[in-house]
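What follows is a set of notes on a single structure, which appears directly below.
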Amino acid sequence: MADALTVAAVIVLAIAAVGLVRVLRGPSRIDRMMAVQLLGSGSVAVLVLLAVGSGTDALVDIALTLALLAAFASIALATTLAQKATAAAKAEHAPGTPAS
Amino acid sequence: MTAALMATTPGGLLLVLAVVVPVIGILALWLVRARDIEWVAIATLAVNLFLSLATLQAVRASDAPLVYLVGGWLPPLGLALRVDGIAAVLMAMTGAIVAVTALYARGQFGFDPQGPERRRPMVFWTMLLAITGALNLIFAGEDLFNLYVALELLTFAAVPLVSLDGSRDTLEAALRYLVFALAGSVLYLLGVAVIYGAYGTLDLVVLSEIRGAEGALLLAIALMTAGLIAKTALFPLHLWLPPAHAGAPAAASAILSALVVKGSFFLILRLWFDLLPPGLGTIGANGLGLLGAGAVIVGSVLALRQARLKLLVAYSTVAQIGYLFLIFPLATGSEAASPFASLAWTGGVLQLLAHAFAKAAMFMAAGLVYEAIGHDRIDGFRGLGRLAPITVLTMTLAGLSLMGLPPSGGFSAKWLMLSASLGEGAWWWAVVILAGGLLAAGYVFRILMPAFSTPDAPAERLHPVALTRELAALSLAVIAILIGFLPLSPWPLLAIGRLIQVSP
Amino acid sequence: MLGLALDLLIAALVIGVALWTVRTRDDFAAIVGFVAYGLLLTLAWARLAAYDVALTEAAIGGGVTGVILLRASIRLKPVATARKPIGARILVGLLCAAISAALAAVVLLPMTPAPSLAIEVRTHLASTGLGNPIAGVLMAYRALDTFLETVVVLLALFGVWSLTPDAAWGGRPAMAVPAAAFGPLPLFGRLLIPVGIVIGVYIVWVGADAPGGKFQGATILAAMWILAMMAGLTQAPSIGRWRLRLLLAAGPIVFLAIGLAGIPLAGAFLAYPEALAKPLILLIEVALTLSIAATLGLLVAGPPDVTPGVEP
Amino acid sequence: MTALVALFSTAAIGAGIIFFLAGTVGLIRFPDGLTRLHALTKADNLGLGLIVIGLLPLSSSVGMALKLVVIWALVQFAGATVAQLIARVARSTERGE
Amino acid sequence: MSLATLDAATLYGLMGAVLVGIGLYGIVLHDVFIRRLLAFNLLGGGVFILFGVIARRGAGAGFPGDPVPQALVITGVVVAFCATALAITLIERLAAKDEASDGDDHS
Chain R
1 MADALTVAAV
11 IVLAIAAVGL
21 VRVLRGPSRI
31 DRMMAVQLLG
41 SGSVAVLVLL
51 AVGSGTDALV
61 DIALTLALLA
71 AFASIALATT
81 LAQKATAAAK
91 AEHAPGTPAS
Chain L
1 MTAALMATTP
11 GGLLLVLAVV
21 VPVIGILALW
31 LVRARDIEWV
41 AIATLAVNLF
51 LSLATLQAVR
61 ASDAPLVYLV
71 GGWLPPLGLA
81 LRVDGIAAVL
91 MAMTGAIVAV
101 TALYARGQFG
111 FDPQGPERRR
121 PMVFWTMLLA
131 ITGALNLIFA
141 GEDLFNLYVA
151 LELLTFAAVP
161 LVSLDGSRDT
171 LEAALRYLVF
181 ALAGSVLYLL
191 GVAVIYGAYG
201 TLDLVVLSEI
211 RGAEGALLLA
221 IALMTAGLIA
231 KTALFPLHLW
241 LPPAHAGAPA
251 AASAILSALV
261 VKGSFFLILR
271 LWFDLLPPGL
281 GTIGANGLGL
291 LGAGAVIVGS
301 VLALRQARLK
311 LLVAYSTVAQ
321 IGYLFLIFPL
331 ATGSEAASPF
341 ASLAWTGGVL
351 QLLAHAFAKA
361 AMFMAAGLVY
371 EAIGHDRIDG
381 FRGLGRLAPI
391 TVLTMTLAGL
401 SLMGLPPSGG
411 FSAKWLMLSA
421 SLGEGAWWWA
431 VVILAGGLLA
441 AGYVFRILMP
451 AFSTPDAPAE
461 RLHPVALTRE
471 LAALSLAVIA
481 ILIGFLPLSP
491 WPLLAIGRLI
501 QVSP
Chain D
1 MLGLALDLLI
11 AALVIGVALW
21 TVRTRDDFAA
31 IVGFVAYGLL
41 LTLAWARLAA
51 YDVALTEAAI
61 GGGVTGVILL
71 RASIRLKPVA
81 TARKPIGARI
91 LVGLLCAAIS
101 AALAAVVLLP
111 MTPAPSLAIE
121 VRTHLASTGL
131 GNPIAGVLMA
141 YRALDTFLET
151 VVVLLALFGV
161 WSLTPDAAWG
171 GRPAMAVPAA
181 AFGPLPLFGR
191 LLIPVGIVIG
201 VYIVWVGADA
211 PGGKFQGATI
221 LAAMWILAMM
231 AGLTQAPSIG
241 RWRLRLLLAA
251 GPIVFLAIGL
261 AGIPLAGAFL
271 AYPEALAKPL
281 ILLIEVALTL
291 SIAATLGLLV
301 AGPPDVTPGV
311 EP
Chain H
1 MTALVALFST
11 AAIGAGIIFF
21 LAGTVGLIRF
31 PDGLTRLHAL
41 TKADNLGLGL
51 IVIGLLPLSS
61 SVGMALKLVV
71 IWALVQFAGA
81 TVAQLIARVA
91 RSTERGE
Chain V
1 MSLATLDAAT
11 LYGLMGAVLV
21 GIGLYGIVLH
31 DVFIRRLLAF
41 NLLGGGVFIL
51 FGVIARRGAG
61 AGFPGDPVPQ
71 ALVITGVVVA
81 FCATALAITL
91 IERLAAKDEA
101 SDGDDHS
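Chains as they are written, first to last, in this note's numbering: chain R, 1 to 100; chain L, 1 to 504; chain D, 1 to 312; chain H, 1 to 97; chain V, 1 to 107.
Right, here's the structure in full:
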């Protein structure tokens with residue numbers, strides 16, 4: 001079974017890697033970010049497959065950490081973009097300041 | 001030899017304290033009231049000066065290095081601290097310069113004993129203590145990774161000093177400095193990896209007795225040297241230094257120019273003289289000497305062309321660092337037993353000492369000039385001699401040492417290196433040393449000529465400057481001169497505890 | 001052989017995203033490439049059976065580093081950059097390739113047996129009371145490195161703070177967040193943070209005997225704090241507060257106090273009396289976890305820019 | 001029994017891989033941001049979920065199985081949140097870019 | 001070297017060597033500070049991986065790897081993160097100053 005799980009890990013990683021084409025192509029920031037999000041899920045899947053295949057508890061803990069922090073990059077991106085948009089909107093409405 | 005060295009020696013605890021006391025000072029600074037930070041910092045540096053002098057005395061008295069096994073673990077598993085003769089001398093130098101700088105910086109940076117905590121004094125004093133601790137560890141460290149941590153400590157302490165005034169230019173200088181320093185650190189770390197992979201230990205004493213895998217060792221030393229050169233600002237990687245050192249406040253510039261660049265330089269010395277088997281690195285040593293020669297010439301010429309005093313002094317650092325690298329071709333030599341090698345070795349260490357004292361004095365004087373006349377443009381220095389006689393005297397004495405005129409530490413250093421190069425028949429290094437001295441005379445006189453001339457109109461002092469601060473700067477310049485009265489021969493002190501003996 | 005296929009894939013992807021990160025013209029795309037690099041390196045560390053390092057990379061490389069880089073990239077204006085002349089690129093490329101080749105040569109000529117301190121680490125581990133050899137190295141054999149590293153972390157934070165405007169000294173990082181209640185984010189934070197804290201504490205706790213430890217656990221805790229700040233659930237604290245300073249300094253202070261106590265009690269600085277070794281190390285780890293978590297969180301929050309006493 | 005377990009696990013993991021594949025294909029082929037987002041969510045939820053379900057009977061301890069479930073829940077929850085946040089930002093800011 | 005004798009540690013060692021080259025190339029050739037910072041981190045990742053390879057080869061005494069280099073890497077990763085945070089703050093402050101002075105020029 002361990003071999004089969006390794007094969008599954010290779011396939012999942014390969015699929016997630018193909019998704020990285022979106023990082024290359026874009027076009028928007030969000031497209032690029034989504035590809036990394038997919039790679040994150042794929043990495044978690046690879047780690048749990050390997051963990052069960054080899055019976056290594058530590059690998060599950062690594063997957064747990066990745067899963068916990070999986071959303072952080074996207075959240076940082078989304079909040080900063082939204083915050084910047086709010087700031088820009090404020091600047092536009094404020095009198096006397098030239099819109100950039 | 002190793003068995004005897006690998007035990008904590010009496011007085012070894014001094015080394016632990018030299019590293020730990022500045023850290024205690026930092027933690028205390030964070031927790032005391034705003035009005036207490038100055039005296040806490042100064043008290044810490046006073047204790048540090050005492051510890052460094054006690055270390056020097058202990059090494060002299062026992063005629064052997066001090067060693068401390070941290071946690072009682074024997075290397076290569078554990079970490080040891082070890083101070084040999086040269087490290088003890090440099091620790092004492094650091095203790096003295098930092099302590100005098102503290103006196104000079106007292107009451108500066110908008111420190112207000114009544115008011116709330118301010119950014120600038122808090123950052124300055126914290127980072128000054130951090131630099132002290134980091135340098136002590138660099139001198140006392142015996143493990144290459146432990147030394148890496150010390151290097152990073154030094155970088156993180158030095159960068160905020162560069163941008164202390166927060167202007168755009170100093171931010172850019174600090175960032176450029178950080179990039180060079182980080183790239184240097186990571187190259188150093190790469191060398192550490194190669195050495196661990198080849199030998200399974202990072203302890204300098206253990207490593208100095210292992211042989212084999214010379215290819216890996218050479219690659220590692222090449223990588224580490226390249227990284228450390230970037231941190232030391234050796235030509236042609238010097239571009240970050242002048243804006244960084246000229247943009248920092250005078251007290252910080254003094255520390256950065258006199259001491260911080262010497263930290264990474266000292267590690268290059270460790271690698272080349274304690275790790276590299278004799279005769280292996282001749283080509284590399286000549287290469288380093290060549291870069292050093294380039295630094296002497298290019299740095300001096302650029303110093304000559306500066307309009308502002310602080311930039312001139314900063315370019316002079318580029319040049320004076322160049323001399324230090326002449327140690328490598330002169331003291332590694334092809335023959336390990338060359339009598340001239342130890343001459344060059346002492347000369348190089350003297351150059352390090354003399355430059356540290358003279359340059360710290362010079363930057364402090366530059367700060368005092370700025371306070372006296374409100375700018376540091378050299379063409380506006382007419383009449384400075386009457387306005388600030390002590391400061392001009394400081395610049396004169398420090399300048400004598402930088403030029404290498406007798407009697408001064410700079411003269412002794414250059415004389416010894418000159419003798420070594422002529423003795424070894426390598427006259428080309430002698431030419432560089434002499435040319436550098438002439439160029440230095442040029443830029444020092446450019447400062448002093450107008451300062452000693454009478455002004456067209458009587459100039460007025462903008463701000464009064466405390467006499468103690470002027471005397472602090474002067475005391476360092478006087479030490480730079482006094483070093484010139486030491487005997488012109490190899491110091492036995494510098495041979496104590498060397499892992500690979502260059503001379504019999 | 002199957003394992004090697006996985007390793008080949010990972011290595012190829014790591015090199016691919018590294019090349020992308022260096023070569024792309026778009027700064028944001030480069031940063032996204034770097035975040036992918038962090039994820040893939042985590043896999044590489046797991047494959048190298050360096051589970052403690054993989055945890056560190058997952059928490060730092062895959063987690064908080066991405067956060068600071070992405071936030072910065074949105075706030076920074078893109079800077080037009082000219083490519084260096086082709087001659088310079090070729091020259092530098094050849095030089096870098098030569099360094100890579102030299103390193104590869106060192107890698108391909110392995111020593112047999114490979115030098116290692118594993119046996120020595122094992123021999124003395126019992127006297128530390130720890131089961132995880134890496135905890136043994138970090139807390140006993142090379143405790144000085146670890147102690148100084150906590151000082152480095154603290155200094156880095158102080159360096160970040162030093163870049164603040166004079167007037168904002170003693171204030172708090174604004175940690176710019178979007179308008180209150182940004183979609184499901186506050187709810188996400190409220191639910192995830194308790195889980196994250198449990199996981200962080202768990203990682204620290206298992207660290208004594210299994211892969212894990214204070215740096216990894218502290219990073220997870222820091223990430224939870226950052227999430228609370230990004231979700232607008234809490235504000236960053238004012239840097240002048242004495243209690244915050246004490247929290248930041250507590251780890252090094254406890255470490256130092258126990259280390260100095262070792263001089264009379266165990267014969268050396270940073271030595272532990274054998275009977276008390278494990279409880280003392282755990283005490284240090286707890287204090288360090290709190291301090292490092294607070295420090296890392298504040299490193300991400302950035303320098304204070306809200307003047308003390310003045311609210312926007 | 002073991003053969004049955006192996007069959008179940010293989011089927012579940014295989015199905016999970018297919019959802020990952022579908023997610024990737026969607027991410028690459030779908031024409032606009034929001035549909036791509038939809039595809040991505042499928043991979044996160046169902047792909048990883050099915051893999052975890054397939055792994056549960058194979059895991060060596062109850063603790064490991066429990067952690068697997070937590071991992072799946074975390075990724076699920078994070079994925080849903082990120083999808084919402086991204087959708088919001090995509091509507092409000094990325095239109096002009 | 002044929003594929004049959006290639007072990008995982010050697011493979012990752014070669015990867016680390018290549019990463020060092022890529023990172024150095026980026027540090028030297030990029031003008032934009034944030035890109036240099038990324039290259040520094042790529043380079044750091046390569047160096048750390050080399051430590052990991054050395055650790056893996058030093059497996060013994062029942063450990064899957066020599067714990068000493070692994071411990072060094074953990075220290076190194078944390079230090080590299082601190083450096084990144086400090087550098088990013090400097091970059092942002094510098095950009096803020098530039099933007100402020102741009103604004104002055106236009107008004």
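Here a beta-carbon is modelled for each residue, glycine too, at the ideal position from N, C-alpha and C.
G38/D and G3/D do not touch by the CB rule: their CB atoms are close to 22 Å apart, not below 8 Å.
In this structure, DSSP gives A213/L a state outside helix and strand, which the three-state scheme calls coil.
For the region 47 to 68 of chain H, the residues whose beta carbon sits under 8 Å from a beta carbon of chain R are, in order, G47, L48, I51, V52, L55, L58, S59, S60, S61, G63, M64, K67, L68. The Cβ-Cβ distance between L326/L and G292/L falls below 8 Å. Membership of L234/L in any alpha helix (DSSP H) is not indicated, and neither H nor E is assigned to it by DSSP.
Contiguous beta strand (DSSP E) elements confined to the region 343 to 423 of chain L do not occur, taking only those with 3 or more residues. Contact between the region 265 to 285 of chain D and the region 59 to 67 of chain L is not established, with fewer than three Cβ pairs separated by less than 8 Å. Interface annotation for the region 47 to 64 of chain R against chain D: L47, L50, T56, D57, A58, L59, D61, I62, L64, criterion Cβ-Cβ distance under 8 Å. Looking at the DSSP output, V83/L sits in a beta bridge with L66/L. The beta carbon of A420/L sits closer than 6 Å to the beta carbons of L330, F340, L343, A344 from its chain, once the five residues preceding and following it are set aside; these are given in chain order. If you check the CB distance, Q76/H and G49/H come in under 8 Å. Using beta-carbon distances, I54/V counts as an interface residue toward chain L, with a partner under 8 Å. Here the alpha carbons of L353/L and A88/L stand approximately 12 Å from one another.
At a cut-off of 8 Å, the C-beta of K90/R has no neighbouring C-beta in chain D. F109/L sits in coil when the DSSP states are folded into three classes, being neither helix nor strand. Secondary structure of G72/L (DSSP, three-state): helix. Taken atom to atom, the span from the alpha-carbon of A39/V to that of I68/D is near 16 Å.
Sorting A143/D, V53/D, L103/D by C-alpha distance to the C-alpha of G259/D places A143/D at the top. Considering only A36/D, G63/D, A293/D, S116/D, the residue with the shortest C-alpha distance to Y199/L is S116/D.
Note: G141/L is bridge-paired with L81/L in the DSSP secondary-structure output.
Leaving aside the five residues that flank W240/L on each side, the residues in its chain whose CB is nearer than 6 Å to its CB run, in chain order, R176, Y177, F180.
R245/D belongs to the set of residues whose beta carbon lies under 8 Å from a beta carbon in chain L. The Cβ neighbour count for I220/D, taken over all protein chains shown within 10 Å, is at least 16; the residue is labelled buried. One Cα belongs to I88/V, the other to L438/L, and the distance between them is close to 43 Å.
Around W30/L, the beta-carbon contacts reaching into chain D at under 7 Å are R245, A249.
For R469/L, the CB contacts under 6 Å within the same chain, skipping 5 residues up- and downstream, are Y104 in chain order.
Residue environment for S489/L: exposed (fewer than 16 other C-beta atoms within 10 angstroms of its C-beta). Only G16, V20, G23, L24, I27 from the region 15 to 27 of chain V bring a Cβ to less than 9 Å from some Cβ of chain L. If you compare the alpha carbons of G347/L, V19/L, A220/L, R120/L with that of G141/L, the shortest gap goes to V19/L.
For V77/V, DSSP records no beta bridge to any residue. Annotated as proximal: A29/D and R32/R, with beta-carbon spacing under 8 Å.
A Cβ-Cβ contact shorter than 8 Å links V192/L with L202/L.
Taking 8 Å as the upper bound for CB-CB distance, M1/R and L58/H are in contact here, some 6 Å apart. For Q84/H, at least one C-beta of chain D is nearer than 8 Å to its own C-beta. Counting C-beta atoms within 10 angstroms of its own C-beta, L228/L has 16 or more neighbours from the protein chains shown and is therefore classed as buried. Contact annotation, I239/D with G170/D: C-beta distance approximately 6 Å; criterion of less than 8 Å satisfied.
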